[in-house]
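For reference, the structure is listed below as structure tokens.
Residue numbers (my numbering): 228 to 510.
Right under this line is the structure:
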């Protein structure tokens with residue numbers, strides 16, 4: 228079974244910031260898991276990428292690391308690089324004490340327009356943050372936290388679910404698939420009547436069945452990946468933020484194509500999720 232979906236390399240943008248360093252370290256761990264080379268992309272003439280490569284080579288000697296210098300501005304360089312790599316990893320600044328983290332214009336543009344999946348990693352992310360701490364066990368031997376996938380059954384996307392399964396498989400980590408929808412009779416502050424409750428329950432059963440059917444071929448392709456599904460009425464941002472509070476990675480999708488950009492859900496999640504967020508383009 229091939230789990231890299233044809234990914235030939237992992238690319239991290241480095242700029243000398245703490246966020247960039249933490250994102251590059253995350254990218255190195257992902258490259259090691261996938262047994263792929265790591266490319267460090269830098270828009271500048273200073274020694275930032277060489278220093279980063281040296282530090283990462285000491286920490287992750289199994290990973291082949293290459294430095295790439297871009298002559299174009301950072302935003303353009305990242306979009307160009309995304310066409311020749313399988314995964315683009317960027318850092319975002321985090322502030323202690325806040326639930327969300329700000330995403331700069333360059334990272335936001337890459338997430339909205341890149342040709343490949345983009346992972347946004349908050350500043351301060353550590354290798355142990357990917358794992359579920361076990362008392363008395365070394366941090367690097369603890370089990371991985373789940374990968375959370377948000378799906379829209381009205382627009383199912385093979386690229387999105389495939390990326391989530393691959394990411395979970397290489398760790399290995401369990402995969403938690405979440406689908407939400409807005410009921411036809413939403414709660415407006417008053418108790419819902421029996422007819423509304425019955426209608427919502429029936430819709431939930433239908434969607435649960437559709438999700439199971441949609442995931443069936445992927446379960447067969449990745450038999451070693453434990454999959455948990457959750458179908459719940461409500462707002463997708465709220466539900467996914469709740470679920471990813473104990474996750475190693477959140478995977479969401481965006482429609483590819485010129486001018487589409489990020490949807491409202493993906494935009495909110497990359498600003499407020501407390502774990503790294505992978506934004507996957509799909510047709």
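By construction, the Cβ of each residue, glycine as well, lies at the ideal position given by its N, Cα and C atoms.
Ignore the nearest five residues each way along the sequence and tell me which others in residue 350's own chain have a CB closer than 8 Å to its CB. 244, 245, 246, 249, 318, 319, 320, 321 and 328
In whole angstroms, what separates the C-alpha of residue 325 from that of residue 312? Unreliable positioning characterises residue 325 in this predicted model, as indicated by a pLDDT of 35, which lies under 50. A coordinate reading is not provided.
Return helix, strand or coil for residue 416, following the three-state DSSP convention. The predicted position of residue 416 is uncertain, since its pLDDT is 47 and thus under 50; no value can be drawn from it.
If you scan the region 442-475 from start to end, which runs of the beta strand (DSSP E) of 3 or more residues do you find wholly inside it? 454-460
Shortest alpha-carbon distance to residue 407 belongs to which of 345, 438, 235 and 385? 438
Quick one: residues in its chain with C-beta nearer than 6 Å to the C-beta of residue 435, no 5 flanking neighbours on either side, listed in chain order? 458
Around the Cβ of residue 242, are there at least 16 other Cβ atoms within 10 angstroms (buried) or fewer (exposed)? buried
Around the Cβ of residue 390, are there at least 16 other Cβ atoms within 10 angstroms (buried) or fewer (exposed)? buried
Which value, in whole angstroms, describes the spacing of the CA atoms of residue 476 and residue 464? 15 Å
Helix or strand or just coil, what does DSSP make of residue 276? helix
Measure the C-alpha to C-alpha separation of residue 432 and residue 461 and round it to an integer number of angstroms. 15 Å
Does the distance from the CB of residue 305 to the CB of residue 341 come in under 8 Å? yes
Test item: CB-CB of residue 404 and residue 378 under 8 Å: yes
For residue 332, does the count of other Cβ atoms within 10 angstroms reach 16, so buried, or fall short, so exposed? exposed
Relative to the alpha-carbon of residue 385, which residue among 259, 501, 442 and 449 has its alpha-carbon at the smallest distance? 442
Among 308, 295, 303 and 262, the one whose alpha carbon lies nearest that of residue 288: 262
Just to confirm before moving on: does the CB-CB distance between residue 266 and residue 299 stay below 8 Å? no
Mark residue 502 as exposed unless 16 or more other C-beta atoms lie within 10 angstroms of its C-beta, in which case mark it buried. buried
Could you spell out the range, first to last residue, of the alpha helix (DSSP H) harbouring residue 259? 245-261
Where does residue 328 fall in DSSP's three states? For residue 328, the predicted model reports a pLDDT of 46, less than 50, meaning its position is unreliable; a value from the coordinates is still stated below. Correct three-state label for residue 328: coil.
Can you list, in chain order, the stretches of the beta strand (DSSP E) that have 3 or more residues and sit fully within the region 364-416? 374-378 and 402-408
Which residues in the same chain as residue 364 place their Cβ atom closer than 6 Å to its Cβ, once the five residues preceding and following it in sequence are excluded? none
Pair within 8 Å by beta-carbon distance, residue 478 and residue 316: no
From residue 283 to residue 307, what does the alpha carbon distance come to, in whole angstroms? 24 Å
Sort 269, 338, 256 and 358 by Cα distance to residue 474 and report the nearest one. 358
Using beta carbons (cut-off 8 Å, strictly below), is residue 431 in contact with chain B? The structure shown contains no chain B; it holds only a single protein chain.
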